[in-house]
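Residue numbers (UniProt numbering): 1 to 294.
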C-alpha cells in the first residue's frame, strides 16, 4: 500500500493496493493458452457458433496484460484511461462465457435433447439470455468507467451493482431452466443409457457453477463498503474470479461440445418440434407423466 506522504494514485484508491505483477502474468498466460485451445477446437471442427468463448478468454487475458502495464510505474498507476480499460476488460470480458453457455443450451435443444423438455421455446431461449447478457454488459461497462472518476463514482457503483445483480439473476434463471430440462430428460429415460454426448450436460453444469460463484463474488464485492476484505484482498480476487473462470471455461478444453453436436444443426427443427408438441397435445400432456411435476 502506498505511503501516506504522497497522494494516492487512481489504482490505489480503487483497489486499495498496487496489483502484483506475477499473478497477473500467470493469469494472462493461462487464459491465452485456454483461448488458443478453444480457437483450435473451433477452427478444426468449424464450430463457428462457439467463437465467443475463445474471443472472451483472449480479451480476459488482455485485461491482465494491461494490469501488468498499469503497475510498471506511478504514471501508469494514475492513468485514468489505462485504469478504465483494464477494469472494464477484466470485469466485462466474462460476459462472453455466459453467452457461450446460453448458445450451447440452444444447440443441445436443436440436436440432442427433445425440445419439448424445455420450459421455454427454443426460438427464444438463447435470444432472451443473450440480450440480457448484452444489457448487463453495457451497465457494467458504463458503471466501471464512471467509478474511476471521483465526481461520478457513486453513480458508477450503482450502475455496476445493477448490472451485476441483473447478470446474476439472469444466470440463476438460466441454470434453473437448464436443470429442469435435465431432470425431465432423465425422468423420461432419455439419459439413463449412458452416451458420450451426456458429458456435455455435466460439463455445462460445472461451468455454470463456476460462473455463478464468480457472479456472486463480483456482486458482493461491489455491494460492500470500500474497505471490505472482498475489495482489499487481491488473493480473494484471484481465487473467486480468476480461478473459478479458469475452471469454468478451461473444462471445455478437455470436453469440447462440438465433438458431439452436429455443426449443421438447424434450430428451426427444434422450434418446429416444440410447436408441434404444444399445438397437438393438451397442456397437461405436453411432457411425459414421469416429469410433469417438474
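We put the CB at the ideal spot given by N, CA and C, even for glycine. As the structure is a prediction and not an experimental result, all values here were calculated from the model.
For residue 20, there is no enclosing alpha helix (DSSP H), as DSSP marks it with neither H nor E.
A check of alpha carbon separations from residue 125 across 255, 117, 64, 106 identifies 106 as the nearest. Sequence-distant partners of residue 162 (beyond 5 residues in either direction) whose C-beta falls short of 8 Å from its own C-beta, in its chain, are 139, 143. 160 is the residue among 149, 155, 160, 115 whose C-alpha sits nearest the C-alpha of residue 136. Buried is the label assigned to residue 108, since at least 16 other Cβ atoms lie within 10 Å of its Cβ. Residue 103 is positioned such that its CB atom lies closer than 8 Å to that of residue 49.
In the structure shown, residue 153 adopts helical secondary structure according to DSSP, grouped into three states. If the five residues before and after residue 19 are omitted, its C-beta is found closer than 6 Å to the C-beta atoms of 67, 71, all from its own chain and listed in chain order. Residue environment: residue 10 is assigned as buried (16 or more neighbouring CB atoms within 10 Å of its CB, all protein chains considered). For the set 23, 8, 6, the Cα lying nearest the Cα of residue 234 is the one of 23. Residue environment for residue 43: exposed (fewer than 16 other C-beta atoms within 10 angstroms of its C-beta).
Per DSSP, residue 47 is not a residue of any alpha helix (DSSP H), being assigned neither H nor E. Counting C-beta pairs closer than 8 Å gives fewer than three between the stretch 230-249 and the stretch 195-203, which falls short of the contact rule. Per DSSP, reduced to three states, the secondary structure at residue 119 is coil, with no helix or strand assignment. A residue is called buried when at least 16 other Cβ atoms come within 10 angstroms of its Cβ; residue 131 does not meet this threshold and is exposed. About 15 Å separates the beta carbons of residue 204 and residue 117, which is beyond the 8 Å limit, so they are not a contact pair. The beta carbons of residue 221 and residue 211 sit no closer together than 8 Å.
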